[in-house]
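Participant:
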Amino acid sequence: MGRMPQRQDLLGSPLFHNVPETAIRMAEEAVVERSFACGEVLVSQEAQGEALFLITQGRARVVRVSLGGRERVLGFMYAPAVFGEIAVLSTSERSASVVADTEVHALMLHRNEFEQLLTRFPKVLLNLAKILADRVASLNDELIALGISTEASMAHLFVNLYRQRAAAGEANARELPLLQNDLMLRLSASRETVSRVLKKLERDKLVRNANGHIQVLDLERLERLGYGLDED
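In terms of full-length UniProt numbering, the numbers along the sequence shown are unbroken and rise by one, the last being 232.
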């Protein structure tokens, strides 16, 4: 399947939703297209942030390594995700690494050009604010689930990942590409805890674990569980 032109990629990005035509043309001239193989690092933790990225195809994971060397998966990103804007605007280091889970295509927008777009086109700035607001809301929901139980955290993870896949137009959005090790890293939980909670969700017919995928069976109950509304 051929790649879409950069113009179509920009029009499909939430950063450029309903912006003036002149903003699209300016961005077209500024972006640099990049491709990454599965397992390749898009950006590295603690590297200087010189450009933001618009993922136009594929899936990536966000990984942070603690001072003690412990790795944690902070989340997953599907096209048309935007990332890296905070390090660019604050001229700071990257807070996490982003690694391709599949082949990934992305557009890079460097600091100077990004700042010019924000200055000239308030709609781009408003879109960025909406992206950041959605991210904060998602983090708040995750913290609520984390404060309830590992079961609630896992349910919230499944619901959130399903929604990302559905929004990205992924085939079989209910089939979540998660292994047990992925769950351990994402939830910062032991293998025993993850296995126990996952088996309970299977017994309750909320999910099915098969062939390296988690299949979502009851989205509504998982969502309730993520808010602590459907626990035994």
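Ideal Cβ positions, reconstructed from N, Cα and C, are used throughout, including at glycine. Treat the numbers as computed from the prediction; the structure is a model and nothing was measured.
1) For the alpha helix (DSSP H) that contains H156, what are its first and last residues?
2) Beta-carbon separation of V159 and G226 under 7 Å?
3) Taking 7 Å as the limit between beta carbons, can you name the residues of its chain near S13, skipping five residues before and five after?
4) Beta carbon of V216, beta carbon of Y162: below 7 Å?
5) Which same chain residues end up closer than 6 Å to V98 when comparing Cβ atoms and leaving out the 5 residues on each side of it in sequence?
6) Can you tell me the Cα-Cα spacing of L139 and A152, whole angstroms?
7) What span of residues does the beta strand (DSSP E) with E93 cover, start to end?
8) Where does G147 sit, in a helix, a strand or coil, going by DSSP?
9) By how many angstroms is the C-alpha of F121 removed from the C-alpha of I214?
10) Of all the options E33, E29, L10, R94, which has the alpha carbon lying nearest to the alpha carbon of Q48?
11) Taking DSSP's pairing of strands, which residues face I24 in a bridge?
12) Classify E85: buried if its beta carbon has 16 or more other beta carbons within 10 angstroms, exposed otherwise.
13) At which residues does the alpha helix (DSSP H) containing G226 begin and terminate?
14) Let me check one thing: in DSSP terms, what residues is A210 bridge-paired to?
15) In whole angstroms, what is the alpha-carbon distance linking R3 and Q116?
16) Measure how close the beta-carbons of N127 and L15 come, nearest whole angstrom, since I'm counting them as under 8 Å.
17) Inspect the beta-carbon positions of K123 and V31 and report whether they are closer than 7 Å.
18) Taking 7 Å as the limit between beta carbons, can you name the residues of its chain near H156, skipping five residues before and five after?
19) The beta strand (DSSP E) with E170 in it runs from where to where?
20) Have a look at E46, V73, R34 and flag the residue whose alpha-carbon is nearest the alpha-carbon of S188.
21) Who are the near neighbours of A166 in its chain, counting only those whose CB is closer than 8 Å to its CB and skipping five residues on each side?
22) Please list, in chain order, all residues of the same chain as C38 whose beta carbon is under 7 Å from its beta carbon, the five residues on each side excluded.
23) Would you mind sorting T91 into buried or exposed? The rule is 16 or more other CB atoms within 10 Å of its CB.
24) May I have the straight-line CA-CA distance separating M1 from Q8, to the nearest angstrom?
Facilitator: If we stick to the structure as given:
1) Here residue 156 corresponds to residue number 156 of the sequence shown, with the count starting at 1. Element bounds for H156: 150-167.
2) As a first step, residue 159 is located in the sequence shown; it is residue number 159 there, counting from the start. As a first step, residue 226 is located in the sequence shown; it is residue number 226 there, counting from the start. The Cβ atoms of V159 and G226 sit closer than 7 Å to each other.
3) Here residue 13 is taken as the residue at index 13 of the sequence shown, counted from 1. For S13, where only same-chain residues beyond five positions count, the Cβ hits under 7 Å are L54, P80, V82.
4) Sequence index remark: in the sequence shown, residue 216 carries index 216 (1-based). Sequence index remark: in the sequence shown, residue 162 carries index 162 (1-based). Yes, they are a contact pair.
5) Mapped onto the sequence shown, residue 98 falls at position 98. Counting only Cβ-Cβ distances below 6 Å, and skipping sequence neighbours, we find L42, V43, A60, V62.
6) Counting from one through the sequence shown, the residue named residue 139 turns up at place 139. Counting from one through the sequence shown, the residue named residue 152 turns up at place 152. Cα to Cα, the separation comes out at about 14 Å.
7) Taking the first residue of the sequence shown as position 1, residue 93 is located at position 93. For E93, no beta strand (DSSP E) encloses it, and the DSSP letter there is neither H nor E.
8) In the sequence shown, counting from the first residue as 1, residue 147 sits at position 147. Residue state, collapsed to three classes: helix.
9) By 1-based counting over the sequence shown, the position of residue 214 is 214. By 1-based counting over the sequence shown, the position of residue 121 is 121. Roughly 42 Å between the two C-alpha positions.
10) As a position in the sequence shown, residue 48 is number 48, starting the count at 1. Answer by Cα proximity: R94.
11) Taking the first residue of the sequence shown as position 1, residue 24 is located at position 24. The partner list for I24 (beta bridge, DSSP) is empty, contrary to what the question assumes.
12) Position 85 of the sequence shown, counted from the first residue, corresponds to residue 85. Its Cβ being crowded by 16 or more others within 10 Å, E85 is buried.
13) As a first step, residue 226 must be located in the sequence shown, where it is residue number 226. Start and end: 219-226.
14) Taking the first residue of the sequence shown as position 1, residue 210 is located at position 210. In the DSSP output, where bridge partners are listed per residue, A210 has H213.
15) Taking the sequence shown and counting its residues from 1, one reaches residue 3 at position 3. Taking the sequence shown and counting its residues from 1, one reaches residue 116 at position 116. With a pLDDT of 45 at R3, under the threshold of 50, the predicted position of this residue should be treated as unreliable, and no value is reported.
16) The count along the sequence shown starts at 1 and reaches residue 127 at position 127. The count along the sequence shown starts at 1 and reaches residue 15 at position 15. Right, the Cβ-Cβ distance comes to about 5 Å (below 8 Å), so this counts as a contact.
17) Indexing the sequence shown from 1 puts residue 123 at position 123. Indexing the sequence shown from 1 puts residue 31 at position 31. Not in contact: K123 and V31 (Cβ atoms no closer than 7 Å).
18) Residue numbering aside, residue 156 sits at position 156 when the sequence shown is read from its first letter. The answer, listed in chain order, is D141, E142, A145, G226.
19) Against the sequence shown, residue 170 aligns to sequence position 170. Element bounds for E170: n/a, residue is neither H nor E.
20) One-based indexing of the sequence shown puts residue 188 at position 188. It is V73 whose Cα lies nearest to the Cα of S188.
21) Here residue 166 refers to the residue found at position 166 when the sequence shown is read from its first residue. Result list for A166: A173, in chain order.
22) Position 38 of the sequence shown holds residue 38. Excluding sequence neighbours, C38 sits near A100, D101, T102, E103.
23) By one-based count along the sequence shown, residue 91 stands at place 91. Looking at its Cβ environment, which holds fewer than 16 other Cβ atoms inside 10 Å, T91 is exposed.
24) Counting from 1 along the sequence shown, the entry for residue 1 is found at position 1. Counting from 1 along the sequence shown, the entry for residue 8 is found at position 8. Confidence at M1 is low in this model, with a pLDDT of 39, below 50, so its placement is unreliable and no value can be given for it.
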